[in-house]
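Participant:
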Amino acid sequence: METRRDERISKLAQLLKRTDKLHLREAARQLGVSEMTIRRDLSDGQAPVVLLGGYVVGDPLRNQVHYFVSDQQGQHIAEKKALGELAASLIVASDTVWFDCGTTVPWIIEAIDDALPFTAVCCAMNTFLALKEKAACRVILCGGEFHPDNAIFTPLGQPQVMDSLCPDKAFISAAGIDPQQGASCYNLNELPIKHLALQRARIKYLVADSSKFGKVLPARIAELGAFDTLISDSVPAWDAGIPVLTP
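Taken in order, the sequence shown gives residues -9 to 237; the numbers are from the numbering used here.
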């Protein structure tokens, strides 16, 4: 019989599907308990999650798959949840949707109605783990070599899965949004699949919280005009040149 402690630990494990780590204070807030309660829950070392440096993380001795994303991408949870709910409202029954990597995108998936039938295409482990919880969703994972730094798979040869698909919509994440340099991210290995999603999808949504405004990262995804709409928690102070959707 599952105890309240077991329920709390299960909830923590579910929360970690959307991010690589969760601050103890935020974990306590999400569960509606004290930080000391969580410390006691995890004190025996038998749970699938552990406390490391004030953060709740997956137990590295139990998890066979490890992925780590940028600390910046794991912050601003409230903003990401709000824009995730907005983005999810754009998905309708029978859509084929491309979901990018990063920690913002799983919040979109979380907000999708569990009963909505749709097809999802992805290339990232954390995105896949969120999608597989949607019973009415058909999930297509683009495979290849796994990269633990950003949790994505990159193909080893041709053809790619995306070469055979034309998604109705694509939700593409970015770590930097700049009026001159456009959308950018940290890792060059993300660019080929992002570019393919931009080419194939009928509607292209750029998804980023407002903390990314004015930032330029090493890997340039595309100019802002390559996207149909920017989805964020607020409107940038400068003209993005494309429509901006906010909660």
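Each residue gets a CB set at the ideal place from its N, CA and C atoms; glycine is no exception.
According to DSSP, which residues form a beta bridge with tyrosine 45?
Facilitator: Paired residues: His13, Leu42.
Participant: DSSP three-state call for serine 33: helix, strand or coil?
Facilitator: Looking at serine 33 - three-state DSSP - the assignment turns out to be coil, as it is neither helix nor strand.
Participant: Quick one: residues in its chain with C-beta nearer than 7 Å to the C-beta of tyrosine 57, no 5 flanking neighbours on either side, listed in chain order?
Facilitator: Bear in mind that a pLDDT of 33 at tyrosine 57, under 50, signals an unreliable position, so the number given afterwards is only what the model happens to contain. So the qualifying residues of the chain are Asp10, Met115, Asn116, Pro138, Ala141.
Participant: Grab the span of the alpha helix (DSSP H) containing alanine 110 for me, first residue to last.
Facilitator: Not the alpha helix (DSSP H): alanine 110 falls in the beta strand (DSSP E), residues 108 to 112.
Participant: With distances taken Cα to Cα, identify the nearest neighbour of isoleucine 81 among Gly92, Tyr176, Ala105.
Facilitator: For the residues Gly92, Tyr176, Ala105, the minimum Cα distance to isoleucine 81 belongs to Ala105.
Participant: If you follow the alpha helix (DSSP H) that phenylalanine 161 is part of, which residue opens it and which one closes it?
Facilitator: Looking at the DSSP string, phenylalanine 161 is not in any alpha helix (DSSP H); the run it does join, the beta strand (DSSP E), is 159 to 163.
Participant: What is the DSSP secondary structure of aspartate -4, counted as helix, strand or coil?
Facilitator: Residue state, collapsed to three classes: helix.
Participant: Starting from the C-beta of phenylalanine 118, find all residues in its chain whose C-beta is less than 7 Å away, skip the five residues before and the five after it, and write them out in chain order.
Facilitator: The residues are Cys112, Val129, Leu131.
Participant: Three Cβ pairs or more, each shorter than 8 Å: is that satisfied between the region 12 to 28 and the region 92 to 109?
Facilitator: No, because fewer than three Cβ pairs between the region 12 to 28 and the region 92 to 109 fall closer than 8 Å, the two stretches do not touch.
Participant: If you follow the beta strand (DSSP E) that arginine 210 is part of, which residue opens it and which one closes it?
Facilitator: From DSSP, the beta strand (DSSP E) with arginine 210 extends over 209 to 212.
Participant: Evaluate arginine 15 with the Cβ neighbour count: other Cβ atoms within 10 Å of its Cβ, from every protein chain shown; 16 or more gives buried, anything less gives exposed.
Facilitator: With fewer than 16 Cβ atoms within 10 Å of its Cβ, arginine 15 is classed as exposed.
Participant: If you follow the alpha helix (DSSP H) that tryptophan 228 is in, where does it begin and where does it stop?
Facilitator: Here tryptophan 228 belongs to no alpha helix (DSSP H), and DSSP marks it neither H nor E.
Participant: To the nearest whole angstrom, what separates the beta carbons of leucine 196 and alanine 165, a pair I think is in contact under 8 Å?
Facilitator: Contact doesn't hold; Cβ gap of about 12 Å is too wide.
Participant: Which class does serine 222 belong to by DSSP, given the choice of helix, strand or coil?
Facilitator: Serine 222: coil per DSSP, three-state reduction.
Participant: When burial is assigned at 16 or more other CB atoms within 10 Å of the CB, is aspartate 229 buried or exposed?
Facilitator: Exposed is the call here.
Participant: By Cβ distance, which residues of its chain are closer than 8 Å to lysine 205, with the 5 residues on each side in sequence left out?
Facilitator: Around lysine 205: Ala165, Gly166, Ile167, Asp168, Ser174.
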